[in-house]
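For the sequence shown, the working numbering assigns the number 381 to the last residue and increments by one with no breaks.
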Amino acid sequence: MDRLRSLEESVVVDAPPAVVYRLVSDLRNMGRWSPECRYVWVPRPPVRAGSRFVGINRRGPFLWPTLGRVTRVRADGEFVFDVSAFGLPIARWGYRFEPEGTGTRLTEFWQDLRTEGRRAKAAELLGTVFAGTNPARRIALNRSGMHTTLERIARAASEAAATG
């Protein structure tokens with residue numbers, strides 16, 4: 218059986234899309250929401266398409282850095298970035314913002330970029346060694362992490378919308 222190479226989860230947020238987008242597109246906030254990401258350094262905020270950043274991640278005793286590049290910035294609908302480690306492509310992460318009633322349907326999505334040849338095998342091995350997660354477990358960890366991340370973003374966005 219082939220493993221899943223993509224995933225998406227959604228939540229309805231009690232805040233307008235512009236508020237949710239503003240919070241999510243400031244990648245320095247990611248350490249507040251993600252259960253794995255601890256810190257994001259953005260050399261020249263605010264980010265735009267092409268901006269690069271460094272992420273520091275931790276799960277249990279495992280600690281690993283990633284390099285990211287923002288690939289899509291659309292305040293009216295989508296924010297996407299690709300992540301690599303040691304020069305190898307790892308994953309594409311993104312968020313979609315869709316109006317729903319007076320709020321926003323926020324969808325987080327993930328796509329595994331470790332898909333071909335020796336580079337993919339090397340990236341999978343690095344994930345197992347540095348992040349303590351083999352490819353078979355990554356989908357379950359990402360699903361759980363996405364739920365946590367979306368809940369935290371929803372809470373922060375609702376508070377931001379309520380305080381104006």
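Glycine included, each C-beta is placed from N, C-alpha and C at the ideal position. This structure is a prediction, so every number in the text was calculated from the model and none was measured.
May I ask which residues mark the beginning and end of the beta strand (DSSP E) holding residue i?
i: S227; result: S223 to V230
Which value, in whole angstroms, describes the spacing of the CA atoms of residue i and residue j?
i: W281; j: A377; result: 31 Å
i: R261; j: V229; result: 31 Å
i: G304; j: G334; result: 15 Å
i: M218; j: A353; result: Its pLDDT being 42, under 50, M218 is placed unreliably by the model, and the measurement read from it follows with that caveat. Answer to the nearest angstrom: the Cα atoms are 11 Å apart.
i: D299; j: W310; result: 6 Å
i: V271; j: S242; result: 15 Å
i: H364; j: D231; result: 16 Å
i: R249; j: R355; result: 21 Å
i: R385; j: A374; result: This structure leaves residue 385 out entirely; the chain is present only between 218 and 381.
i: Y256; j: T319; result: 31 Å
Which residues bound the alpha helix (DSSP H) around residue i?
i: S251; result: It is not in any alpha helix (DSSP H) - S251 carries neither H nor E in the DSSP assignment.
i: F330; result: Residue identity differs from the one stated: residue 330 is Leu in this sequence, not Phe. Run containing L330: none; DSSP gives neither H nor E here.
i: L240; result: P234 to S242
Using 8 Å for Cβ pairs, my map puts residue i next to residue j. What's the rounded Cβ distance?
i: P306; j: L330; result: 4 Å
i: A308; j: V287; result: Incorrect: roughly 14 Å between the Cβ atoms, too far for contact.
i: E253; j: R222; result: In fact, because the Cβ distance is near 19 Å, the residues do not count as touching under 8 Å.
i: L367; j: E226; result: 6 Å
| In chain order, each alpha helix (DSSP H) run of at least 4 residues that lies wholly inside the stretch 259–324 | You should have found no qualifying run.
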